[in-house]
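Okay, so the sequence shown: first residue is 6 according to our numbering, each after it adds one.
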Amino acid sequence: MQAEGMIKWAIIGLGDVVAVKSGPPFWKCEGSTLIGVMRRTPGGARRWIEENDSKLPAE
């Protein structure tokens with residue numbers, strides 16, 4: 006799909022609900038891309054990115 010047709014989304018809160026319930030449909034959905042994540046604990050978002058092989062930069 007072309008970049009202008011992509012749905013870009015971010016996740017705020019990366020708990021079990023994202024890992025098990027709501028997250029998988031997003032990663033399987035053609036035409037969407039994850040552009041950001043946020044977690045309350047320092048380093049938590051970075052760990053999630055690394056553990057989930059996300060293409061996001063771990064900054």
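Here a beta-carbon is modelled for each residue, glycine too, at the ideal position from N, C-alpha and C. Please read all numbers here as calculations on a predicted model, not as lab measurements.
Exercise. Count the other C-beta atoms from every protein chain shown that fall within 10 angstroms of the C-beta of Ala24, then say buried if there are 16 or more, exposed otherwise.
Key: The residue given as residue 24 occupies position 19 in the sequence shown. Exposed, because fewer than 16 other Cβ atoms sit within 10 Å of the Cβ of Ala24.
Ala50 burial status per 10 Å Cβ neighbour count (16 or more: buried): The residue you call residue 50 lines up with position 45 of the sequence shown. Ala50 comes out buried.
Since Lys26 is in the alpha helix (DSSP H), which residue starts that stretch and which ends it? In the sequence shown, counting from the first residue as 1, residue 26 sits at position 21. That residue, Lys26, is in no alpha helix (DSSP H); it is neither H nor E in DSSP.
- Item | Environment of Trp53 [buried if 16+ CB atoms lie within 10 Å] | Here residue 53 refers to the residue found at position 48 of the sequence shown. It is buried - the Cβ of Trp53 has at least 16 other Cβ atoms within 10 Å.
**Item:** DSSP-derived helix/strand/coil call for Gly36
**Value:** For this step, residue 36 is matched to residue 31 along the sequence shown. In the structure shown, Gly36 sits in coil (DSSP, three-state: anything other than H, G, I, E or B).
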